[in-house]
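What follows is a single structure, written as structure tokens, with notes after it.
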Amino acid sequence: MSEPKTYSARAVFDGMKGTFHRYLEAQYHIWNEGLIAGRNHLLETEGVTFQEPRIEATPFYMTGRIYSQMGIPKAATAVLELAAKHAGTGIPVRPYKHQSDSLEAFLGRREEIIVATGTGSGKTECFLMPILGCLAVESAERPDSWLRPGCRALLLYPMNALVNDQLSRLRRLLGQADVAEHIRGKRPGRAAFGMYTSRTPYPGVASKARDQSRLRPLVQRAYLDLPADARQRLDREGKWPAKDLDRYLASSFVTGPNDAEMLSRSEMQNRCPDLLVTNYSMLEYMLLRPIERSIFEQTAAWLAADESNVFTVVLDEAHMYRGSGGAEVAYLLRRLHARLGVPRDRVKYILTSASLGKSTEAVARMKSFAADLSGLGPQGREFVLIKGEQLAKTGERSATIDEAAALAAYDIAALHESVTDPAVAGEEFAALLGVLGQRGPANQGDRADLRQAVYEWLQTFGPAALIANLITAQPRQLRDVAAVAFPASDKGAAAMETMLALMSFAKEKNSGRIFTPVRSHVFFRGLAGIFACTDSRCTARGTLEHAILGEMYSAPMLRCGCGARVYEVLTHRDCGAAFIRGYVQDQFGTFLWHQPSNGLWSAGGLVEAHFLVEVSRRAGGAHGRMEGADVWLHKATGRLMQAPPPDAQLSQYLQLLRPDQLVPIAGHQVLSFNCECPVCTRRWRAGSTKIMDLATKGEAPFAQLIRTQVELQPITQEKSDSSPNGGRKSLLFSDGRQKAARLARDIPREIENDVFRQLLLLAAMELRGIGREATLGVPMYVALLHVRAKNSLFLFDGADREQLQRDVLDHRRYYQGRLQ
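Numbering-wise, the working numbering comes out as the position in the sequence shown, counting from 1, plus 105.
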């Protein structure tokens, strides 16, 4: 299969599926052509290793009132209006209705809230804006209290990955100079925040020696030694600390008056940050350890100093605090209340989640859940639930046949290349509008203007509204949406891809809003095994040349549709010889079960057995007859016969080769061939076997999917040593720390090994191109350096990577000198 030439939902899915299936075919070897064809048919069956892709759009929400019209304190209004003037803070000029509702409920009516809106709806701002308002109100209205150290707000997360994301938001907001100075008031220093997790340096009692050995190298290497362009990029992404790092090192690691962020544990222990970001595991340690006592003592003193002071707790992704884990967090929060020495009404909670229900019953459960989790109890008040109100696009209609044909013929690759050549993209879009009988944009050379022009056109194009509303309501399969949007055209699939590309490309200049942000859901899974009917003339499958078994299945079952028994297929990993796995009472058993016993019917249970299917390929031994005896399996019942059946009944049986003895494999006795394949005669280590199932194993298949997904992305910047992927990237999440750690270790290793094999091949081709023999040695290494230099790839780790990089630079200088 050739690689897709365009970046689209279908092209990405087809590319990933093709890579995945080719990997399975290459790694799980089968020799027989009939079995290969059967597996290919199984792999191409939806629901076995893949589901058709589904597309979903991030919804647009109704806008709310401007800040000056909200029922919130004036000090909060002023700081929010100021923050909204700076795009990097993330505070909107005009908030969504659910954001304004959150502000008015929390700041205006002093209510506790649950924000239940979808992904991409600005949930984070629903608690950041109230917290920012609270800081501004205290600074303006209670200046004496504002001078006291203490944690005003605790942002609690279930895992470190979410903490790190929040840190970027806080840096862009509280690290913004105008906002920080506005809140500062009479304080000698700015309002500060800090991340307190296992990654925060450093545990234990602080000392000057430990500061020099632990903090200085971290700050120097992670930040100050970076080149200027890297610093600017990190700053834009919120990954650069909101701190004067040069002063921090020069002042012996003391928080400066203009620092909005605290980096070390000792900083936060000396003077508690106004916003503390952590996870519940670390909070539990902090409540137990004496070294963090000062954080809670300062906060308790701040709360006691003024009755108007209220401690705010944010529980983001609140749906994750369920079951026994949720009960533990609930008790942890009660311990926190007790530690601060305040009643529950001096603590205010904000809960957020995108995974809560919509029914009346679900709403009641949410409020009850929030009250139980936060320890609210029967106090005559309850949480206020705030939900987003989605905004549908107007003017929807289906496309005509002519419109579908014009869209299908459009070259969407021009949109992806508009980063480097916006003029060509403008010409292509103007040509599309011309075919549709409309006038093209006036300015075709500026990408921002082009995106604005596409946005304006889509606002008036009915099929765009129809598609956007369909995929905003729920995730839908591509073909289903195409059938509705282009009902009278046989080019609906191609037209649909064009519409998705244009809708994702279109961007309004003033607001920065994408017409329809689209994401694709692609689902892949490995095989749990391959199971085959024992009748090569299986009527459930149909006629297939070279068949030795019947219909194939991806799950175990007793019988095929044709009536024959079904067993799991195994192959020898070296030669691909086919076996079936069954279970017998002992090595002389006369019946072959398709699954192991539960041990109830007999004391010993059943014994796993491997039978060779390709008896005709059986090798001749060097000293006469090899291991194994011919047996005949009755296809309908699973009975085994030692003698050949009569010719008239031969079609009812499958001839197999049965091993002679039980052998130890991975600590179990198995009726299998002892350390030697009966077909290719290759041997394997005692206690193991190379007769293996076809179930997908390990992280390698997933690594191949991720690699393909990245490769299919369009390049957004020129390739270089600092950006070898041309701006293409992928972000991975896992629901467990151990799984995430394995993925972080195994995926780069798998991809690097694959890349290294390809580089060796390219190096060999370079040598052949100049008439040299491709053998391992100095010439091959020099050729490898040449290929590595041309492709800006990084390999290996630590000293090996540094050595390779030095050799590449030496080679590049030598090569350039020869050219000059």
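Where is the CB? At the ideal position from N, CA and C, for every residue including glycine.
Please read these numbers as outputs of a predicted model, since none were measured by experiment.
Contiguous alpha helix (DSSP H) elements confined to the region 801-858 occur at 805-816, taking only those with 4 or more residues. Cβ contact annotation for C780 (same chain, cutoff 6 Å, sequence separation greater than five): R788, W789 and A791, in chain order. Distance between L252 and T603, taken at the CA atoms: about 58 Å. Here DSSP, grouped into helix, strand and coil, assigns Y328 to helix.
Take A652, set aside five residues on each side of it, and the residues of its chain with a beta-carbon closer than 6 Å to its own are G139 and S641, in chain order.
By the neighbour-count criterion, in which 16 or more other beta carbons inside 10 Å mark a residue as buried, A869 falls on the buried side.
The beta carbon of M264 sits closer than 8 Å to the beta carbons of N384 and R842 from its chain, once the five residues preceding and following it are set aside; these are given in chain order. Ranking G500, G903 and Q910 by CA distance to the CA of L889 puts Q910 first. The distance from the Cβ of Y328 to that of P806 is about 37 Å, inconsistent with a contact at the 8 Å cut-off. In the structure shown, R686 adopts extended strand secondary structure according to DSSP, grouped into three states.
DSSP, reduced to helix, strand and coil, places F901 outside both helices and strands of the structure shown, so it counts as coil. Distances from the CA of N830 to each of D840, L817 and R199 were compared; the closest alpha carbon is that of L817. Assignment of P158 by DSSP, reduced to helix, strand and coil, places it in the strand class.
When the alpha-carbon of L864 is set against those of D840, R854 and K895, the nearest one is in K895.
Counting only runs of at least 3 residues, the region 269-351 fully encloses the following beta strand (DSSP E) elements, listed from N- to C-terminal order: 298-300. In this structure, A423 and L388 do not form a Cβ contact; the two beta carbons are roughly 15 Å apart against a cut-off of 8 Å. Judged by beta-carbon spacing, R289 lies beyond the 8 Å limit of P306, meaning their Cβ atoms are not closer than that value. A check of alpha carbon separations from M471 across I141, M425 and R394 identifies M425 as the nearest.
Each of I576, D554 and D507 was checked against the Cα of E613, and the nearest Cα belongs to D554. Under the DSSP assignment, Y454 falls in the beta strand (DSSP E) whose first and last residues are V452 to S458.
In terms of Cβ geometry, A210 and I218 form a close pair [threshold 8 Å].
Distance from V382 to M300 at the Cβ level is roughly 5 Å; contact confirmed, criterion being Cβ atoms closer than 8 Å. For the set L323, R199 and A600, the Cα lying nearest the Cα of A513 is the one of A600. In the DSSP assignment, W251 falls within the unbroken alpha helix (DSSP H) covering P248 to L252. In the three-state reduction of the DSSP assignment, W789 falls in the coil class.
Put simply, the backbone Cα of A879 is about 27 Å away from that of P853. A296 is positioned such that its CB atom lies closer than 8 Å to that of A365. Look at W562 here: in three-state DSSP terms it is helix. Taking the Cβ atoms as the reference, L496 lies roughly 6 Å from Y166, within the contact range of under 8 Å.
Here DSSP, grouped into helix, strand and coil, assigns M167 to coil. Note that the C-beta distance between P164 and T525 is not below 8 Å.
Look at L799 here: in three-state DSSP terms it is coil, with no helix or strand label.
DSSP places N145 in no beta strand (DSSP E) but in the uninterrupted alpha helix (DSSP H) bounded by E138 to L148. Closest by C-alpha distance to G223, out of K463, L762, I856 and T111, is K463.
G539 is positioned such that its CB atom lies no closer than 8 Å to that of G531. Counting along the chain, T383 sits inside the beta strand (DSSP E) bounded by residues L380 to N384.
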